[in-house]
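Reminder that position 486 of the first sequence reads as 486 in the working numbering, one-by-one numbering, no gaps.
The C-beta atom is built at its ideal place from N, Cα and C for all residues, glycine as well.
Just so we're clear, the structure is a prediction, and the values are computed from it rather than from any experiment.
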Amino acid sequence: MGLRLHNTLGGKIEEFTPLQEGRVGVYVCGPTVYGHAHLGHAKSYVSFDILVRYLRYSGFAVTYVQNITDVGHLTDDADEGEDKLAIAARKEHKHPMALAEYYTASYFEDMDRLYCVRPDISPRATGHIPEQIALVKMLVEKGFAYEVNGSVYFEVAKFPGYGKLSGRSVDEMQAGARMEVSAEKKHPADFALWKKAEPNHIMQWLSPWGWGYPGWHLECSVMSMKYLGETIDIHGGGIENQFPHHECEIAQSEAANGVPFVRYWLHNNMVTVNGRKMGKSLNNFINLKELFSGEHDLLSRPYDPLAVRQLILQSHYRSPIDFSDAALAAAQSGYDKITECVKKLRRRIPQHQGSKIDQNVQQELDGYKQRFEEAMDNDLNTSVALSVIFEMVKFTGPLLEDQGTTGATLSEVERLFVQLGGDVLGVVQKEYPETYSDEGEILSDFHIFDRIRDIARKNKAYALADALRDYLAASGIIYKDTHEGGHWELEEWGKGRYAFLQEKNRGHKADEAMKRILLEIERLFEQK
RNA sequence: GGCGGCGUGGCCAAGUGGACUAAGGCGACGGUUUGCAAAACCGUUAUUCAUGGGUUCGAAUCCCAUCGCCGCCUCCA
Numbered sequence: 001m002g003l004r005l006h007n008t009l010g011g012k013i014e015e016f017t018p019l020q021e022g023r024v025g026v027y028v029c030g031p032t033v034y035g036h037a038h039l040g041h042a043k044s045y046v047s048f049d050i051l052v053r054y055l056r057y058s059g060f061a062v063t064y065v066q067n068i069t070d071v072g073h074l075t076d077d078a079d080e081g082e083d084k085l086a087i088a089a090r091k092e093h094k095h096p097m098a099l100a101e102y103y104t105a106s107y108f109e110d111m112d113r114l115y116c117v118r119p120d121i122s123p124r125a126t127g128h129i130p131e132q133i134a135l136v137k138m139l140v141e142k143g144f145a146y147e148v149n150g151s152v153y154f155e156v157a158k159f160p161g162y163g164k165l166s167g168r169s170v171d172e173m174q175a176g177a178r179m180e181v182s183a184e185k186k187h188p189a190d191f192a193l194w195k196k197a198e199p200n201h202i203m204q205w206l207s208p209w210g211w212g213y214p215g216w217h218l219e220c221s222v223m224s225m226k227y228l229g230e231t232i233d234i235h236g237g238g239i240e241n242q243f244p245h246h247e248c249e250i251a252q253s254e255a256a257n258g259v260p261f262v263r264y265w266l267h268n269n270m271v272t273v274n275g276r277k278m279g280k281s282l283n284n285f286i287n288l289k290e291l292f293s294g295e296h297d298l299l300s301r302p303y304d305p306l307a308v309r310q311l312i313l314q315s316h317y318r319s320p321i322d323f324s325d326a327a328l329a330a331a332q333s334g335y336d337k338i339t340e341c342v343k344k345l346r347r348r349i350p351q352h353q354g355s356k357i358d359q360n361v362q363q364e365l366d367g368y369k370q371r372f373e374e375a376m377d378n379d380l381n382t383s384v385a386l387s388v389i390f391e392m393v394k395f396t397g398p399l400l401e402d403q404g405t406t407g408a409t410l411s412e413v414e415r416l417f418v419q420l421g422g423d424v425l426g427v428v429q430k431e432y433p434e435t436y437s438d439e440g441e442i443l444s445d446f447h448i449f450d451r452i453r454d455i456a457r458k459n460k461a462y463a464l465a466d467a468l469r470d471y472l473a474a475s476g477i478i479y480k481d482t483h484e485g486g487h488w489e490l491e492e493w494g495k496g497r498y499a500f501l502q503e504k505n506r507g508h509k510a511d512e513a514m515k516r517i518l519l520e521i522e523r524l525f526e527q528k
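Below you can see the structure in the form of structure tokens.
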């Protein structure tokens, strides 16, 4: 049985078959670039990253399009209000396009750190104004839209399918008291395709209806059509965009083309922070840069981007996820466990002889792979898929302790980790850098302690040795005494943590340890 | 007001009619290892799925009711 996906259109889980055999077009609603990416972006784009990765793993040639919205989203409903980008730009004293450029770069930086594959095409709304005007023109000509005072509205009453995605009827919406009715509209549910711009509006273009700017649903219809065709296989986005955004997209596209717009609609659920909706006004808004650096009042420490990714994968994309410091810490521990296992596995492979693959192990691995695929086929059940990775971790431990395990067998295990945990889930890295850019520098600051500790241990001055270890641990450097001797290790996020400790002045533990070191040394000298 | 979702062990979370005396993670506890730790490894940790009814040979899974929580409909992914 192949991939099955939950289709919002119809509300059921359906077998996935693309329009063209072997090829899939995926369109995902991208960010509006007027601020840094936050937890909600992480959940959404990691979820669709998994979709794309798994489609590719399953053998499909995927074209992944994700737009960058750099104009057109208004601050208010009923198609009134101001352009969000324009407002943010004014606050930062920048041109809206400069602002968009800045936050677009920031967005990609954060998504790269979350290990998301880049979209094949990242079209900008402002780069497709002529196409948007053309679509509006077509809708007017076909009688689905009307012009009033330099603005153009889509006439919902002319499109019988309106409401089929979100399960709303136009009548219901008329009763909706929260919709402010614009005097220009024939019906409250009509939405703007093109808005007339006031002279002081920075972002405006010349159209057949005068100077103006596109309505906020238009770009997705236009850009998906341009790059993926009139009917696309999969359209993804956040559940909050189901209505009105996606409903309007359907209306525009299908009215214009006369063919189905999207075959499978996928919507991911929202995030909460400490059980509450995340909102700028609620003081619980966490962006990704804060999460990775730990610089937020709600966070006790920085978190590894891939640990954040793992937390997202631990629940289903259609379930809400609650971010809390405790949840992040738990995910970080779990992520570390997988990382440690894979690192150790890689270190051991060269130490094990033999080119024969153990058939019992092979059978076991086949079983993991099968269960992994079954889980992913079932509407991308990453939680179960991830649990298979953990079972592999558990399975790998004893193999590494057994000297009889062949190198080829271990290589086979490693290969599956990379394939399932890496290529599909993106929580196992192809290689873990041995040194980080600043690691050498940081470690050299502490090298003297390393030397002292060696001497201390040789002379069984354990109190001194332990104090030194505590001192370094408090600074983000972990000492591990192994059979082959000790070695320092800077945690993967150690650089950030190092800086964090300096900044947040959390060195009191280190200070305490330092006092103990000095006392011990004094004591030792007194004894002599 | 309209629409939707959720309530599973200390925490997170999968499971949507029989292989469930419920996966996996975190945490905790015990053990191996260690000078002591860390890491690693082994083991233990829900007869029970918010509550009360019902359907069924059989329910965490379906139906009804009750309580509680959350979200969308407004910018937000």
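Residue j beta carbon less than 9 Å from that of residue i
i: residue 31; j: residue 63; result: no
i: residue 263; j: residue 232; result: yes
i: residue 122; j: residue 36; result: no
i: residue 221; j: residue 256; result: yes
i: residue 609; j: residue 295; result: Here the chain has residues from 1 to 528 only, and residue 609 is not among them.
i: residue 254; j: residue 261; result: yes
i: residue 211; j: residue 197; result: yes
i: residue 22; j: residue 61; result: yes
i: residue 428; j: residue 413; result: no
i: residue 202; j: residue 130; result: no
i: residue 289; j: residue 466; result: no
i: residue 421; j: residue 115; result: no
i: residue 399; j: residue 342; result: no
i: residue 236; j: residue 108; result: no
i: residue 314; j: residue 334; result: yes
i: residue 52; j: residue 104; result: no
i: residue 338; j: residue 411; result: no
i: residue 271; j: residue 40; result: yes
i: residue 461; j: residue 520; result: yes
i: residue 7; j: residue 266; result: yes
Alpha-carbon spacing of residue i relative to residue j, whole angstroms
i: residue 269; j: residue 56; result: 23 Å
i: residue 193; j: residue 94; result: 27 Å
i: residue 332; j: residue 306; result: 8 Å
i: residue 273; j: residue 516; result: 40 Å
i: residue 409; j: residue 423; result: 20 Å
i: residue 20; j: residue 276; result: 42 Å
i: residue 394; j: residue 291; result: 29 Å
i: residue 437; j: residue 430; result: Note that residue 437 scores 46 on pLDDT, short of 50, meaning its location in the model is unreliable; the coordinates nonetheless yield the value given after this. One C-alpha to the other measures close to 18 Å.
i: residue 78; j: residue 191; result: Residue confidence is low: residue 78 scores 45 on pLDDT, short of 50, so the model does not pin down where it sits. Its coordinate-derived value is still stated next. Rounded to whole angstroms, residue 78 to residue 191 spans 7 Å at the Cα level.
i: residue 14; j: residue 2; result: 10 Å
i: residue 330; j: residue 386; result: 14 Å
i: residue 118; j: residue 112; result: 8 Å
i: residue 523; j: residue 457; result: 16 Å
i: residue 165; j: residue 392; result: 40 Å
i: residue 38; j: residue 308; result: 12 Å
i: residue 249; j: residue 226; result: 14 Å
i: residue 136; j: residue 219; result: 11 Å
i: residue 279; j: residue 363; result: 49 Å
i: residue 404; j: residue 358; result: 10 Å
i: residue 299; j: residue 42; result: 17 Å
i: residue 5; j: residue 416; result: 25 Å
i: residue 355; j: residue 45; result: 41 Å
i: residue 540; j: residue 377; result: In the structure as shown, the chain starts at 1 and stops at 528, and residue 540 therefore has no counterpart that could be examined.
i: residue 383; j: residue 453; result: 43 Å
i: residue 143; j: residue 25; result: 30 Å
i: residue 518; j: residue 464; result: 9 Å
i: residue 449; j: residue 245; result: 60 Å
Residues that DSSP places opposite residue i in a beta bridge
i: residue 542; result: Past the edges of the chain, shown from 1 to 528, lies residue 542, and the structure says nothing about it.
i: residue 378; result: 4
i: residue 20; result: 23
i: residue 154; result: 145, 191
i: residue 121; result: 65
i: residue 114; result: According to DSSP, residue 114 bridges with nothing at all.
i: residue 196; result: 212
Counting only runs of 3+ residues fully inside the region 208-290, write out the beta strand (DSSP E) ranges in chain order. Fully enclosed beta strand (DSSP E) runs of 3 or longer: 210-214, 232-238, 262-268, 271-273.
Examine the Cβ distances between the region 119-133 and the region 144-162 and report whether three or more of them are shorter than 8 Å. Flag = no, the region 119-133 and the region 144-162 do not touch.
Return the chain-ordered ranges of every alpha helix (DSSP H) run that is complete within the region 392-423 and spans a minimum of 4 residues. The region 392-423 contains, as complete alpha helix (DSSP H) runs of 4+ residues, the segments 407-416 (chain order).
Complete runs of the alpha helix (DSSP H) confined to the region 300-385 [at least 4 residues]: The region 300-385 is shown to contain whole alpha helix (DSSP H) runs of 4 or more residues at 305-313, 325-348, 359-377, in chain order.
Where in the region 25-98 do unbroken runs of the alpha helix (DSSP H), each at least 4 residues long, occur, reported from the N-terminal end onward? If only complete runs of 4 or more residues are kept, the region 25-98 shows the alpha helix (DSSP H) at 39-57, 84-91, in order along the chain.
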